[in-house]
Amino acid sequence: MRFCSLVLALLFLLPLAAQDTRYPPEGSQIPGPGQTPPQPQWVTSLLQFRASGNSEFAAWLADLKQWRHERLIRMGYDDAEYRRQELLWTQKNFVSPQAMVEDRYFYDPERRVYTVGRFLDDLDKRYGGIDSVLLWPVYPNIGIDNRNQWDLHRDMPGGIPALRKMVEDFHRRGVRVLFPAMPWDTGTHDAGVPHWTATAQLMAEIGADGVNGDTFSGVPKAYRTASDETGHAVAFEPEGAPEADEGLMWNNMNWTNFRFTFVPAVPKQKWLEPRHMINISDRWSRDKTDDLQYAFFNGIGYVSWENIWGIWNQITPRDAEALRRVAAIQRRFAAHMVSADWEPHTPVMQYGVFASKFPLAASTVWTFVNRNEYPIEGEQIAVPHRAGRRYYDLWHGVELQPRLAGETAVLRFAMEGNGFGAV
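Here the numbering used here is used: the first residue of the sequence shown is 185, the next is one more, and so on.
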């Protein structure tokens with residue numbers, strides 16, 4: 185009897201074991217090879233000095249692919265929102281600041297006009313421009329009177345007609361426009377309709393492209409449905425990664441706050457759906473190295489937020505130049521950045537250097553980050569070679585001459601301390 189009970193218990197547990205992974209996500213981050221299981225911080229610090237995770241890479245990647253396959257089946261995953269023509273722009277949304285509507289580069293109070301050109305010219309000059317902008321007309325003003333979040337949008341100078349023209353001005357420069365939604369706005373004037381309906385109707389009136397869900401850990405599906413019912417579909421971007429993985433099916437983007445470690449982590453949402461765009465938001469940091477390296481390594485975006493409720497935290501010239509180059513490469517190879525065969529932590533040859541592989545049918549892009557504080561030169565990566573294949577250093581803009589060893593090409597290039605590379 186005991187034997188039969190044991191057999192039944194094992195049969196019950198076998199399906200559960202199939203759900204497990206040796207490399208479980210920590211929140212919305214998946215630690216790289218050689219970094220699991222989770223350890224106390226002092227142990228993690230010691231592990232940072234291991235030579236590399238190359239020896240564990242194959243097992244790590246195979247395990248994560250199997251976990252992804254099962255996870256998508258269990259959530260009944262449908263990728264329809266990532267195939268919608270009107271939402272494809274989200275897959276190229278690599279640089280997106282949050283901007284206060286009172287910003288003097290954005291609005292001229294004397295002429296009472298939105299100076300979109302002046303705002304964008306400044307960003308183009310300083311760090312290479314943006315792909316979208318999140319405009320913020322709500323707090324710190326909300327609560328001064330009984331106006332709700334939608335009232336504060338409509339009460340911006342010139343009202344809805346001026347907002348529509350302002351959005352059109354951004355569109356002429358190739359920039360998408362998002363506005364926020366606040367679920368905590370419950371003590372002001374009652375809009376008379378659910379939040380998702382009021383937000384969808386307002387976005388349709390303005391002609392906006394997306395909604396940033398303030399404090400949302402996944403914008404509810406009701407917003408997706410309400411937006412579609414207006415005939416003007418917008419993209420949704422919660423401030424936090426969707427707590428339920430199923431939220432990937434209607435949240436095409438999200439912000440994230442990474443826990444930065446020496447060995448870059450992989451964002452869970454990007455791993456489950458490579459076309460999902462994540463933008464790193466680290467508003468108070470003054471050194472943007474971690475933000476930009478994690479974005480480049482994972483093929484994701486960055487929130488270039490400088491005006492933080494009137495507190496100015498400007499991107500430094502060095503970080504601005506790094507952002508310019510990172511974004512230029514990502515935009516040029518945007519199709520690679522959403523490759524279904526993305527391979528983070530592809531093996532490299534130098535300590536403290538980490539790379540991701542983004543293959544398409546006719547070409548492959550590798551992005552590199554040097555997490556050391558000192559420059560790294562010499563041979564960096566060995567890749568499969570065939571006759572006629574050519575290699576280019578995208579960061580420095582030169583063709584590379586590989587050292588050929590049979591069917592392998594060994595590539596040599598330099599990276600500065602805390603720097604970047606791309607091939």
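The beta carbon of each residue, even a glycine, is placed where N, CA and C say it ideally should be.
Going by C-alpha distance, which of Ala-504, Trp-496, His-253 is nearest Arg-288?
-> Minimum Cα distance to Arg-288 is reached at Trp-496.
Under a Cβ-count criterion, where at least 16 other Cβ atoms within 10 Å of its own Cβ denotes burial, should Tyr-298 be classed as buried or exposed?
-> Within a 10 Å sphere around the beta-carbon of Tyr-298 sit 16 or more other beta-carbons, which makes this residue buried.
Let me know the beta strand (DSSP E) ranges lying completely inside the stretch 458-501, each 3 residues or longer, listed in chain order.
-> If we require 3 residues or more, the beta strand (DSSP E) runs fully inside the stretch 458-501 come out as 461-464.
In its own chain, which residues sit with a C-beta less than 6 Å from the C-beta of Arg-206, not counting the 5 before and 5 after it?
-> Closer than 6 Å at the Cβ level, and outside the excluded window around Arg-206, lie Asp-247.
Can you tell me whether DSSP reads Asn-330 as helix, strand or coil?
-> In the structure shown, Asn-330 sits in coil (DSSP, three-state: anything other than H, G, I, E or B).
Please report how far the alpha carbon of Ala-524 lies from the alpha carbon of Ala-545, in whole angstroms.
-> Straight-line spacing of the CA atoms in Ala-524 and Ala-545 works out to 11 Å.
According to DSSP, is Asp-292 helix, strand or coil?
-> If DSSP states are grouped into helix, strand and coil, Asp-292 belongs with the strands.
Kindly indicate which residue of Tyr-535, Ser-540, Gly-536 has the alpha-carbon position closest to the one of Met-521.
-> Taking only the C-alpha atoms, the option nearest Met-521 is Ser-540.
Length-filtered (3 minimum) beta strand (DSSP E) runs lying within the stretch 326-404 | Look at the stretch 326-404 and you find these whole runs of beta strand (DSSP E), each 3 residues long or longer: 360-365, 394-397.
In this structure, does DSSP put Ile-314 in helix, strand or coil?
-> Ile-314: coil per DSSP, three-state reduction.
Please look up how many angstroms separate the CB atoms of Asp-393 and Leu-432, rounded, as I've assumed it's under 8 Å.
-> Rounded, the Cβ-Cβ distance is 19 Å, inconsistent with contact.
With DSSP collapsed to three states, give me the class of Trp-526.
-> Assignment of Trp-526 by DSSP, reduced to helix, strand and coil, places it in the coil class.
Roughly how many angstroms separate the alpha carbons of Lys-405 and Leu-595, rounded to a whole number?
-> In this structure, the CA atom of Lys-405 is about 47 Å from the CA atom of Leu-595.
Mind checking whether Ile-513 and Val-537 have CB atoms under 8 Å apart?
-> No, the Cβ-Cβ distance between Ile-513 and Val-537 is not below 8 Å.
Uninterrupted alpha helix (DSSP H) stretches inside the stretch 262-286 (no shorter than 4 residues) = Correct list: empty.
Limits of the unbroken beta strand (DSSP E) element including Asp-247 = Counting along the chain, Asp-247 falls outside any beta strand (DSSP E), though it belongs to the alpha helix (DSSP H) covering 238-258.
Which of helix, strand or coil DSSP assigns to Trp-434 = Coil, per DSSP.
Are Val-279 and Gly-603 close, meaning C-beta to C-beta below 8 Å?
-> No; because the gap between Cβ atoms is not below 8 Å, this pair is not in contact.
From Trp-334 to Met-340, what distance separates their C-alpha atoms?
-> Each residue's Cα considered, the two are about 10 Å apart.
Could you give the DSSP three-state label for Gly-605: helix, strand or coil?
-> DSSP places Gly-605 in strand when its eight states are reduced to three.
To the nearest whole angstrom, what separates the beta carbons of Pro-179 and Leu-336, a pair I think is in contact under 8 Å?
-> The shown model of the chain, from 185 to 607, leaves out residue 179, and the question about it has no answer.
How would you label His-253, buried or exposed, when you count the other beta carbons within 10 angstroms and need 16 or more for buried?
-> With fewer than 16 other Cβ atoms inside 10 Å of its own Cβ, His-253 counts as exposed.
Specify, as a first and last residue, the run of the beta strand (DSSP E) that Leu-584 falls within.
-> First-last of the beta strand (DSSP E) with Leu-584: 582-584.
Could you check if Lys-249 is buried or exposed, using at least 16 other CB atoms within 10 Å of its CB as the buried criterion?
-> Per the 10 Å Cβ criterion, exposed.
Please classify Glu-294: is it buried, with 16 or more other beta-carbons within 10 angstroms of its beta-carbon, or exposed?
-> Exposed, by the Cβ-count rule.
Alpha carbon to alpha carbon, how far is Glu-430 from Ile-344? Give it in angstroms, no decimals.
-> Distance between the alpha carbons of Ile-344 and Glu-430 is about 34 Å.
Nearest to Thr-414 (by Cα), restricted to the options Glu-389, Ala-506, Leu-347 = Closest option to Thr-414, Cα to Cα, is Glu-389.
In angstroms with no decimal places, state the Cα-to-Cα distance between Ser-212 and Arg-296.
-> The straight-line gap from Cα to Cα measures roughly 43 Å.
Assigned exposure category for Ala-243 - 16 Cβ within 10 Å defines buried | Here Ala-243 is exposed. Its C-beta has fewer than 16 other C-beta atoms within 10 Å.
Can the beta-carbon of Met-437 be found closer than 8 Å to that of Glu-421?
-> Yes; because the gap between Cβ atoms is below 8 Å, this pair is in contact.
Can you name the start and end residues of the beta strand (DSSP E) that Ala-593 belongs to?
-> Segment 592-596, the beta strand (DSSP E) holding Ala-593.
What's the C-alpha gap between Gly-601 and Gln-477?
-> Spanning the two alpha carbons is a distance of roughly 12 Å.
Those runs of the alpha helix (DSSP H) which lie wholly inside the stretch 502-589 and span at least 4 residues | As for any alpha helix (DSSP H) of minimum length 4 sitting wholly inside the stretch 502-589, the runs are 518-521, ordered along the chain.
Going by the beta-carbon positions, is the gap between Ala-425 and Thr-381 smaller than 8 Å?
-> 8 Å or more divides the Cβ of Ala-425 from the Cβ of Thr-381.
In angstroms, rounded to a whole number, what distance separates the CA positions of Gln-232 and Gly-216?
-> Confidence at Gln-232 is low in this model, with a pLDDT of 48, below 50, so the placement of that residue should be treated as unreliable; the coordinate-derived value is given next. Looking at the two C-alpha atoms, the distance is approximately 11 Å.
Enumerate in chain order the residues of its own chain whose CB-to-CB distance from Gln-269 is below 8 Å, with the five nearest sequence positions on each side excluded.
-> Short of 8 Å from the beta carbon of Gln-269, and not among the five residues preceding or following it, lies no beta carbon of its own chain.
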